[in-house]
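Student: The numbering used here numbers the first residue of the sequence shown as 2 and each following residue consecutively.
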Amino acid sequence: MKLIAHQDDTLDSVLYRQYGRTAELVEIALKLNPQLAHQPILNLGQEIEMPDTLPTQQAIKATIQLWN
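Here it is, written out as structure tokens:
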């Protein structure tokens, strides 16, 4: 899957706009697009290659116990 950068986008802003999170995704994007590691601001229309399937984020919820 290819993501397209808007004006003044950063890698994490593109990932958050598409997936609603950046955890684990920045690392995946940099493995597939190593040239982005040295480019803080993406060019308008720049394509970012991402895999079709992504790892699921494991939700960690704190449990509160009122009584023991």
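Every residue gets a Cβ at the ideal spot worked out from N, C-alpha and C, and that includes glycine.
#1: So what does DSSP say about isoleucine 65, is it helix, strand or coil?
#2: How would you label glutamine 47, buried or exposed, when you count the other beta carbons within 10 angstroms and need 16 or more for buried?
#3: What residue range is occupied by the uninterrupted alpha helix (DSSP H) comprising isoleucine 49?
#4: DSSP on leucine 12, reduced to helix/strand/coil?
#5: Within 10 Å of its beta-carbon, does methionine 2 have 16 or more other beta-carbons around it, so buried, or fewer, so exposed?
Tutor: The relevant details are as follows:
#1: The residue labelled residue 65 in the question sits at position 64 within the sequence shown. If DSSP states are grouped into helix, strand and coil, isoleucine 65 belongs with coil.
#2: Locating residue 47 in the sequence shown gives position 46, where the first residue counts as 1. Around the beta carbon of glutamine 47, a 10 Å sphere encloses 16 or more other beta carbons of the protein chains shown; the residue is thus reported as buried.
#3: Locating residue 49 in the sequence shown gives position 48, where the first residue counts as 1. Note, isoleucine 49: premise wrong, no alpha helix (DSSP H); beta strand (DSSP E) at 48 to 50.
#4: Looking up residue 12 in the sequence shown gives position 11. Here leucine 12 sits in helix by DSSP.
#5: Along the sequence shown, one-based indexing puts residue 2 at 1. Residue burial is scored here from C-beta neighbours: methionine 2 has fewer than 16 other C-beta atoms within 10 angstroms and is therefore classed as exposed.
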